[in-house]
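Note sheet for the following structure.
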Amino acid sequence: GRTGRFAAADLGATSGRVITGLVGPDTLELAEVHRFPNVPVRLPDGLRWDALALFQGILDGLRTAARPGPVDSVGVDSWAVDYGLLDADGALLGAPYHYRDGRTDGVAEGVWERAGGATELYRTTGLQHLPFNTVFQLASAAGSAQLGAARTLLLMPDLFTHWLTGSVGAEETNASTTGLLDVRTGGWAGGLAGRLGIARGLLPPLRSPGDPAGTLLPHVAAYTGLPEGTPVTAVASHDTASAVVAVPTTEPDTAFVSCGTWSLAGLELPGPVLTEEARAANFTNERGVDGTVRFLRNVMGLWLWEECRRTWEGRGHPVDLPSLLERAAGERPFASLIDPDAPEFLAPGDMPERIAEFCRRTGQPVPGGPAAVLRCVLESLAVAHRRTLRRAAALAGRDPRRIHLVGGGARNALLCQWTADATGLPVTAGPVEATALGNVLVQARAAGLVGDLPAVRRLVAATQPLRHYAPRGDGSAWDRAAARLEPSPRNC
Ligand code: LRH
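This is the structure in structure tokens:
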């Protein structure tokens, strides 16, 4: 069988990487060729992404990828919702905002009013309410000179694809996180955009995962050493959608947790669930590949821990995760639990103090030291995984018998084991690199090297290291823990 080599640019909230993937009938091998930091910058008017530094990181990564030889194609994925705006000349209008910037505070009400209510908005888009959905970011910019001058909105992966190729498009898995895509037709919700005063021309033509997205511009080819004419392929450019492609499920009704900065917990379904119950529980229907729906909820994930670590390290206290994990395993069980969905955890800042404040407010002991904080965060995430997955199953009328935990969190044995214990379901952990694998596999499929989604997942299951965690105990301790956390009606 034929083998292909593909380059995936995968941008996360704290770093970006270029990874190459070798794909053949029985082969799926990744190599990380370049990693670069993603450091948001606070300007007087808000928190921004350094889009130019990220693009330079992609270029340098592609240059390293080109050393052993050409690649069959390139694909870009990143976090959702954020975008750059281009003016009539195609120039970027300012650095893109970070979704954790506070400028969208309080804008939702106005959008709901113009859209005919939150229920109507959900019926149209099927999207969970997160204060930073693109639609709310645009509403917060209404009347600004920048938005007035904007002619094209490009989501982050589409922006980088544009800079690589000159082509303009909106990849649909990521477009489904904007709050402007019609969940039933899969097209832009033109009527809704109109009611919100969003110029129709701002939203580019849609592309599906696997569609061609142009070829490298001559100066990009020259810099990277990749041949002119190297194709760029639209992948499932929403990182979570790419991660779900690489969930090595072989059974129907599997639940997943894509666990990194966020824990995206839910089910893959053949169609959306648009009931009032699903809306009230704030579940989302985001697009996957091949017409699938990612029915899930955002759980504030390892961000809680990453932000603690950033706070401590900023004060000159280095954090050694492996030794803290060992100590966390020995801390007192269920000493303090937080609700990861509490809105005060969303913005960057002094996370240890916010966790302490949550514990004081709820009459629990304040975790004393990093190992206790880590235990608190991981147990709280396991409880949140349990309540979110059980809710997803009930809302969708499914009965999952297994959980696939993919992404960086799959490295965390405590989190995997506690998720199994809390849910009473076996957890298959891995692949850690689900997003990069999904990116590469969609390119390989477009090149005709792998078959349909089940075949893609069989290849992942056959080639990637996975760990299995059986649930321990009768779950009663977790029942009591879960009862201590009031179910929050909506995230953030
Ligand atoms: C995860 C993710 C998630 C979105 C958030 C903005 O990286 O893409 O699916 O909700 O970032």
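Per full-length UniProt numbering, the sequence shown runs over residues 3 to 494.
Positions of the beta carbon are idealized from the N, C-alpha and C atoms, including for glycine.
Note that the coordinates shown come from a computational prediction; the quantities given were computed from them, not determined experimentally.
Going by beta carbons, L348 and A267 fall outside the 8 angstroms limit.
Taking C-beta atoms as the reference points, A396 and E333 fail to come closer than 8 angstroms. Closer than 7 angstroms to some heavy atom of the ligand LRH: that describes the Cβ of Y101.
At the C-beta level, D292 and S239 stay beyond 8 angstroms of one another. For P274, the three-state secondary structure derived from DSSP is coil. For N441, the secondary structure class from DSSP, reduced to helix, strand or coil, is helix. Among the bridge pairs identified by DSSP, F258 is matched with G268, H406. Just measuring C-alpha positions, the residue of L45, Q58, A9 sitting nearest L30 is A9. Rounded to the nearest angstrom, the Cβ distance from F38 to W165 is 16 angstroms, too far for a contact under 8 angstroms. Note: H470 is bridge-paired with T430 in the DSSP secondary-structure output. Closest in alpha carbon position to W114, among G104, R125, T187, is R125. For F162, the enclosing alpha helix (DSSP H) begins and ends at 158 to 167. Annotated three-state conformation of E435 is coil, per DSSP. In this structure, the alpha-carbon of I405 lies about 7 angstroms from that of V259. In the DSSP assignment, I357 falls within the alpha helix (DSSP H) that extends over 353 to 363. Taking the Cα positions, A257 is about 19 angstroms away from S382.
Taken through DSSP and simplified to helix, strand or coil, Y101 comes out as coil. CA-CA distance, V375 to P354, rounds to 8 angstroms. Across the structure, S244 and P367 are spaced so that their CA atoms are roughly 40 angstroms apart. Taking a contact as a CB-CB distance under 8 angstroms, the pair L157 and Y85 counts as one, their CB atoms being some 5 angstroms apart. Cβ contact annotation for V442 (same chain, cutoff 6 angstroms, sequence separation greater than five): F8, A10, G23, in chain order. For R296, the closest alpha carbon among the candidates L13, V246, P206, A282 is that of V246.
V452 sits buried, since 16 or more C-beta atoms from the chains shown fall within 10 Å of its C-beta. Our two residues, R400 and P254, have alpha carbons roughly 10 angstroms apart in a direct line. Counting along the chain, P456 sits inside the alpha helix (DSSP H) bounded by residues 455 to 465. The three-state reading of DSSP puts T22 in strand, counting E and B together.
Bounds of the alpha helix (DSSP H) holding V137 are 136 to 142. Of the candidates D47, P42, G48, the residue whose Cα lies closest to the Cα of L54 is P42.
With contacts defined by Cβ atoms closer than 8 angstroms, D12 and D241 form a contacting pair. With a cut-off of 7 angstroms, the C-beta of D160 is classified as distant from the ligand LRH, since no heavy atom of the ligand falls inside that distance. L304 and P342 have their C-alpha atoms spaced approximately 10 angstroms apart.
For P214, the enclosing beta strand (DSSP E) starts and ends at 214 to 217. Taking G410 as reference, the option from F336, A386, L306, T263 with the minimal CA-CA separation is T263. Two segments are said to touch when three or more pairs of C-beta atoms, one from each, lie closer than 8 angstroms; by this definition the stretch 193 to 206 touches the stretch 145 to 154. Classified as buried, T235 has 16 or more neighbouring CB atoms from the shown chains inside 10 Å of its CB. In the DSSP assignment, S80 falls within the unbroken beta strand (DSSP E) covering 75 to 80.
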